[in-house]
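Beneath this line is the structure, given in structure tokens, with notes to follow.
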Amino acid sequence: MTAPNAWRCNVCGYVHRGDAPPECCPVCGVGPAEFAEHVEKAEAAVKPAVRRWRCTVCGYEHDGDRPPESCPLCAAGPDQFEAAEEVQAARGGTAGRIVIVGGGVAGVAAAEAARRTSPDATLVLLAREQRIPYYRINLTRYLAGDVKREELPIHPKNWYAEQRIDLRLRAEAARIDLEKRRVELHEGDPVPFDRLVLACGAHAFVPPIAGADKTGVFTLRTDGDADRILEAARGGRRIVCVGGGLLGLETAGALARRGGDVTVLETYGHLMPAQLTPRAGRILADHLQRIGVKLRPAVHVKEIVGGASVAGVLLEEGDTVPAEAVVLATGVRSNTHLARQAGLTVQKGVVVDHLLRTSQPDVFAAGDAAEHLGVLYGNWYVAQFQGGIAGMNAAGGRVEFGGIPRSHTLKVLGLDTCSIGQFLPPDGSYRAYECEADGRYFNFVFRDGRLVGANLLGSTALASAVKKAIESKTDFSGLLAQHPTALQIAEQFQVRLSA
Ligand SMILES: Cc1cc2nc3c(=O)[nH]c(=O)nc-3n(C[C@H](O)[C@H](O)[C@H](O)COP(=O)(O)OP(=O)(O)OC[C@H]3O[C@@H](n4cnc5c(N)ncnc54)[C@H](O)[C@@H]3O)c2cc1C
-4 MTAPNAWRCN
6 VCGYVHRGDA
16 PPECCPVCGV
26 GPAEFAEHVE
36 KAEAAVKPAV
46 RRWRCTVCGY
56 EHDGDRPPES
66 CPLCAAGPDQ
76 FEAAEEVQAA
86 RGGTAGRIVI
96 VGGGVAGVAA
106 AEAARRTSPD
116 ATLVLLAREQ
126 RIPYYRINLT
136 RYLAGDVKRE
146 ELPIHPKNWY
156 AEQRIDLRLR
166 AEAARIDLEK
176 RRVELHEGDP
186 VPFDRLVLAC
196 GAHAFVPPIA
206 GADKTGVFTL
216 RTDGDADRIL
226 EAARGGRRIV
236 CVGGGLLGLE
246 TAGALARRGG
256 DVTVLETYGH
266 LMPAQLTPRA
276 GRILADHLQR
286 IGVKLRPAVH
296 VKEIVGGASV
306 AGVLLEEGDT
316 VPAEAVVLAT
326 GVRSNTHLAR
336 QAGLTVQKGV
346 VVDHLLRTSQ
356 PDVFAAGDAA
366 EHLGVLYGNW
376 YVAQFQGGIA
386 GMNAAGGRVE
396 FGGIPRSHTL
406 KVLGLDTCSI
416 GQFLPPDGSY
426 RAYECEADGR
436 YFNFVFRDGR
446 LVGANLLGST
456 ALASAVKKAI
466 ESKTDFSGLL
476 AQHPTALQIA
486 EQFQVRLSA
């Protein structure tokens, strides 16, 4: 009998490698009793092929023998990259016709992985947008003027031809006919497939606010949206960003850099509540104001007022924030209509199993469109990772997606932030250690002597050491018995990092 070398969380599917299950699932927080033995199958056709590096600042993944000179997303240097788990790529996969719907990062990663897996497969990438696939994640840097339009594409145009990927721009899938195994387009002939990958991403969610249809109200999802916002924000106009999450803040910071008079409206009492403690949120708010953005926390939008064009945002609290442009950064929703119409199982996203198969085994889904064990990640790095797995599996590989630990390492308005695991103590059995020092903020949360979560601000240099300590259930009882400060705990991680 094969000994277990991994444990799968029954709740969220996270796969933990080691002799014993983890104390606490880093994805959904359940205890070891919820983990079942998981024997990882050594697939004959599957072998390691690519060395992969992950940027510890923004999560960008780079394939190659060494990390890149500079991260194309956040400009971090090679020392900020850590070796990521090797990508398992199958070789000599199934030949056949693989059609991928969606030219975002998940679709491109799927095409790339399918080509690596199956040199003989016919690959068609259907992309609704006009321009070749680009770094959507960089649109706020484009808004700020830090990235030029010509720097946005993920790959140059000729790369697709070199990889024998038939990239069709302005090709919008209208319907999937599972019986005839073909994708019908809004314009043009149907596209037949043997295997299909749905990588249709997500769209910006517009809440039901009166006046949201006025001229001057925008969302930011595509490069076209970014151009329209830039046009509307010219000449120091007053702009309101609704939503104090990552997208709202980055958009606000970018437009302030362009000379806009920008106000952020946030419903919660502090910024980025899903990623930051209240104290970290306040530090970020101070930073926001230092770069010239006004913040209105704990307010609720009642109506966008004006004539045909926006004149301001009326708050439930009674006052109106004047504005010539409003950007709604109020979340996203998965693009599920194609899957729904085809009769595939859809909840909030297109439901997939560990192989990223939908309820129809020849149809895969990845990225913002996909829902894996109830989780919609909505994150660039996961979309790229899932896209790669879906592409390999569509081409005949058999690689599992086991969930990703709940950690966000982001650069928000130039400030490095990182949240990992249970960074807010849910009850008295947890103990938090928090401090600010030299422009940095540390928050470490322990339970029963083990680190279960952390929040870092100002520097994320310790992020990989912290992640490792959580995943390996390192026992800190000895250190905690000495009643350390948060700074002393941070120094311990610094020592581990340099060791
Ligand atoms: C401005 C901005 C900043 C962001 N910043 C970050 C960040 O800092 N960190 C982070 O992790 N994430 C960030 N994100 C989120 C990240 O970009 C997404 O998680 C990621 O792009 C998802 O990739 P995807 O390929 O699944 O979907 P998408 O990028 O949405 O791509 C899907 C593509 O499919 C196309 N499509 C849809 N329907 C059809 C159809 N019927 N036929 C053909 N094509 C179709 C769409 O037009 C689109 O091009 C940001 C997003 C935005 C908009």
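Residue numbering for the sequence shown follows our numbering, starting at -4 and increasing by one per position. Ideal Cβ positions, reconstructed from N, Cα and C, are used throughout, including at glycine.
Which stretch, first to last residue, makes up the alpha helix (DSSP H) that contains residue i?
i, result
"His282", "273 to 285"
"His332", "332 to 336"
"Leu500", "Residue 500 falls outside the range modelled here, since the chain spans only -4 to 494, and no answer is possible."
"Leu241", "241 to 252"
Below 7 Å, is the gap between the Cβ of residue i and the nearest heavy atom of ligand 1?
i, result
"Gly344", "no"
"Trp154", "no"
"Leu191", "no"
"Gly373", "yes"
"Asp172", "no"
"Cys195", "yes"
"Ala106", "no"
"Val96", "yes"
"Leu250", "no"
"Thr135", "yes"
"Asp363", "yes"
"Ile224", "no"
"Val528", "The structure shown does not extend to residue 528, since the chain is modelled only from -4 through 494, so no value can be given for it."
"Ile132", "yes"
"Glu18", "no"
"Tyr55", "no"
"Leu266", "no"
"Arg92", "no"
"Ala109", "no"
"Val358", "no"
"Gly99", "yes"
Would you say residue i and residue j are within 8 Å of each other, going by their C-beta atoms?
i, j, result
"Ala449", "Phe439", "yes"
"Asp161", "Leu193", "no"
"Gly307", "Pro317", "yes"
"Ala275", "Leu492", "no"
"Glu245", "Thr315", "no"
"Ala251", "Ile286", "yes"
"Gly264", "Gly231", "no"
"Glu366", "Val394", "no"
"Ala70", "Trp48", "no"
"Ile93", "Ala390", "yes"
"Leu225", "Ala166", "no"
"Val235", "Thr214", "no"
"Ala280", "Thr331", "no"
"Phe76", "His57", "yes"
Can you give me the C-alpha to C-alpha distance between residue i and residue j, rounded to a whole angstrom?
i, j, result
"Leu408", "Val142", "15 Å"
"Thr325", "Arg216", "12 Å"
"Ile278", "Leu290", "13 Å"
"Gly434", "Val341", "45 Å"
"Leu271", "Phe418", "8 Å"
"Val461", "Leu241", "22 Å"
"Val490", "Gln158", "45 Å"
"Pro27", "Glu18", "5 Å"
"Lys463", "Arg445", "12 Å"
"Pro268", "Ala116", "45 Å"
"Ala90", "Gly392", "12 Å"
"Cys50", "His403", "12 Å"
"Ala101", "Gly398", "16 Å"
"Gly383", "Arg352", "13 Å"
"Ser454", "Gly140", "24 Å"
"Leu410", "Pro185", "47 Å"
"Glu486", "Arg170", "56 Å"
"Glu107", "Ala156", "12 Å"
"Val327", "Pro62", "32 Å"
"Pro202", "Gly98", "26 Å"
"Val377", "Thr210", "34 Å"
"Lys152", "Leu283", "38 Å"
"Gly96", "Arg223", "The displayed chain sequence assigns Val, not Gly, to residue 96. Cα to Cα, the separation comes out at about 26 Å."
"Phe396", "Asp74", "27 Å"
"Gly416", "Asp422", "15 Å"
Over what stretch of residues does the beta strand (DSSP E) that includes residue i continue unbroken?
i, result
"Phe439", "435 to 442"
"Ser329", "327 to 329"
"Thr262", "From DSSP, Thr262 is part of no beta strand (DSSP E); its letter is neither H nor E."
"Gly307", "305 to 310"
"Arg49", "47 to 50"
"Lys289", "289 to 291"
"Lys297", "296 to 301"
"Phe418", "Counting along the chain, Phe418 falls outside any beta strand (DSSP E), and DSSP gives it neither H nor E."
"Tyr155", "Not the beta strand (DSSP E): Tyr155 falls in the alpha helix (DSSP H), residues 152 to 157."
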